[in-house]
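Reading the sequence shown from the start, the letters are residues 1371 to 1874 in the working numbering.
Reading through the structure tokens given below for one structure.
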Amino acid sequence: MGHVDHGKTSLLDAIRKGNVAAGEAGGITQHIGAYSVFVPNPDKPGEDRRVVFLDTPGHEAFTMMRARGAKATDIVILVVAADDGVMPQTIEAVEHSKAAGVPMIVAINKIDKPDANPDKVKQGLAGLGLQPSDWGGDIEMIPVSAKKNENLNTLLETVLLQADILDLKASPTRRASGVVLEAKLDKGRGAVATALVQQGTLRVGDPFIVGQFSGKVRAMFSDRGESVTEAPPATPVEVLGLQGVPQAGDTFQVVADIDRAQTIAGQRQMHARQAAMVKSSSRGIESLGQAEIKELLVILKADVQGSVEVLRATLEKLSTEKVKVRVIRAGVGAIAESDVLLASATQADSASTAVVIIGFNVRPESRASDVAKHEAVDIRLHSIIYKVEEEIKAAMIGMLDAIEKEVVLGKAAVQETFKVSRLGTIAGCRVIDGVIRRQAKARLIRDGVVIWDGDIASLKRFKEDANEVKNGFECGISLVNFNDIKVGDEIEAYTIEKIAATEL
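Given below as structure tokens:
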């Protein structure tokens, strides 16, 4: 765990000799990765010990995923860049670890950089209550370099030593249980969950319950994509055979038979529907009597469930008193025709709503694209979360009514009045400031008080109609449906300009 760009994924790449970081959009890890490595056991030559790493994102938008990662782990490795120090997501990671009650080891990365200052990092962490062991504290802080492969073995040995001290053990013989780290809908394989087995051994053919869904393990794949038939404790695997896409963070549990799993799933689904009905009903009651505000409705589709959660929370937090953002559908998988039809039907309901479909690391199906063009539905595709946030903010600003700004054009002093039977009272005026325009609005001011506000009926120069009269010139002005004009009054001409909103 740690701040964005502090080298978490690069450090893990160096440990597992892979290249995960090269495939990241925008240079940040966008969902939890689970990887296992084998470390030689110094006490038993020839025997390896498994260490499973969960690589959590560092960007501020992924708070929930980091919290979930902390809860799923036995030990947290906090990665802090030696050339950057303690940053906002560093602090957040520490808070999540403490809240989950998980012990911590600090990897001070990028010690190969010229401006690296490990002592500054230690001072910053000490201010958060993490005292380095070499300063008399209880937190191991290992200086490492992912780029130069420095001290990586020391880091792994420290992890194993901590595990031995904590006496971390799991039974491989009991029924398997664990936690879902990610879930997605794969077009060829159906619902797929990345799960971490925490107790027992998960085997192909095992019936299980996860969240609101039941299933039977049809196939499993390791973190390197290899097919496996069983997964002992502390093993991350992709599981196929689910009846639906669970929520990231859901626990899974192997049960005696598939009938039992389906019964439990049915009960959970019923409870979820009842809770949703209660929430919907309370929202309707709260909205009674409130003035209608503008709503930006979002249909959100992403590649994995964790990204759906993060994006949903991020977008809904953008709501203001003027524009509310509401996610009306969220799920994993490609943008389908049904998503487009929902957007089309919804955007026709009210002039105060707008609808957009956001695809995050997914694409619309061909039929969905055709329907979207025909129905004029807006589909936006992204692979970087903060770009989604920027675009939604811009869309919210675009929904705001234009700001009306009054611009005073000029003033004219009434010097004479003339009664004309056909036209009413004509004010003989001299323009004393700015300009008077025929198409402008006007107000009559008497002794500093506005007594009339409306439109100019006519503007003349020497009995000829004029479009405008400038400062210093005389003119005749008549006002729409108003004749109580007196010598000494002032007529002020102004216009109302509409300016597009620039901020929420």
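Don't be surprised by glycine CBs; every beta carbon is placed ideally from N, CA and C.
_Do Ala-1470 and Leu-1381 count as a contact pair if the criterion is CB distance below 9 Å?_
no
*Can you tell me the Cβ-Cβ gap for Lys-1622 and Ser-1677, rounded? I've got them flagged as a contact below 8 Å.*
It should be pointed out that residue 1622 corresponds to Phe in this sequence rather than to Lys. Not quite, the Cβ-Cβ distance comes to about 20 Å (not below 8 Å), so this is no contact.
*Could you work out which residue in Arg-1813, Ala-1589, Leu-1712 is closest to Gly-1611 when comparing CA atoms only?*
Ala-1589
*Can you give the beta carbon distance from Ile-1815 to Asp-1859, rounded, assuming they're within the 8 Å contact cut?*
7 Å
*Cβ of Leu-1793 within 9 Å of Cβ of Ser-1848?*
yes
*asked:* Tell me the rounded alpha-carbon separation between Tyr-1864 and Asn-1851.
replied: 18 Å
*Give a yes or no on whether the minimum CB-CB distance between Arg-1573 and chain C is below 9 Å.*
In the displayed structure, chain C is absent; only one protein chain is listed.
*Are there three or more Cβ pairs, one per stretch, closer than 8 Å when the segment 1686-1703 is compared with the segment 1762-1769?*
yes
_Cβ neighbours of Ile-1806 in the same chain (closer than 6 Å, five flanking residues each side left out)_ = Gly-1780, Ala-1782, Val-1839, Ala-1863
*Anticipated Cβ contact below 8 Å, Ile-1727 with Val-1747, distance rounded*: 6 Å
*Answer yes or no: do Leu-1536 and Pro-1473 have a C-beta to C-beta separation smaller than 9 Å?*
yes
*Coil, strand or helix - Asn-1853 by DSSP*: coil
*Unbroken beta strand (DSSP E) run spanning Arg-1419, endpoints*: 1418-1425
_According to DSSP, simplified to helix, strand and coil, what is His-1376?_
coil
*Is it right to say Leu-1538 is buried, meaning 16 or more other beta carbons lie within 10 angstroms of its own, or is it exposed?*
exposed
*Nearest-angstrom beta carbon gap, Val-1529 and Val-1421 [assumed within contact, 8 Å]*: 6 Å
*What's the gap between the Cα of Thr-1787 and the Cα of Val-1777?*
27 Å
*Return the CA-CA distance between Val-1693 and Ile-1663, expressed in angstroms with no decimal places.*
6 Å
_Could you tell me the alpha carbon to alpha carbon distance between Glu-1527 and Glu-1510, rounded to whole angstroms?_
11 Å
_I'd like the list of long-range same chain contacts for Asp-1418, defined as Cβ closer than 7 Å, with 5 residues on each side in sequence excluded._
Phe-1408, Val-1409, Pro-1410, Asn-1411
*Asn-1523 in three-state terms, based on DSSP*: helix
_Spatial neighbours of Asp-1485 within its chain, please: C-beta separation below 7 Å, excluding the five flanking residues on both sides._
Asp-1453
*Does DSSP classify Gly-1846 as helix, strand or coil?*
strand
*From the DSSP output, which residues share a beta bridge with Gly-1403?*
Asp-1425
*Return the CA-CA distance between Met-1766 and Thr-1723, expressed in angstroms with no decimal places.*
10 Å
*Kindly indicate which three-state DSSP category Ile-1727 falls into: helix, strand or coil?*
strand
*Would you kindly work out how many angstroms separate the C-alpha atoms of Ile-1855 and Ile-1773, rounded to a whole number?*
32 Å
*Curious, which full-length beta strand (DSSP E) runs of at least 3 residues does the segment 1558-1600 contain?*
1560-1569, 1577-1580, 1583-1591
*Give the range of the beta strand (DSSP E) segment to which Ala-1782 is assigned.*
1773-1790
*Who are the Cβ neighbours of Asp-1709 in its own chain at under 7 Å, not counting the five residues just before and after it?*
Ile-1669, Lys-1671, Arg-1699, Ile-1727, Ala-1738
*Report the three-state DSSP secondary structure of Leu-1498 (helix, strand or coil).*
coil
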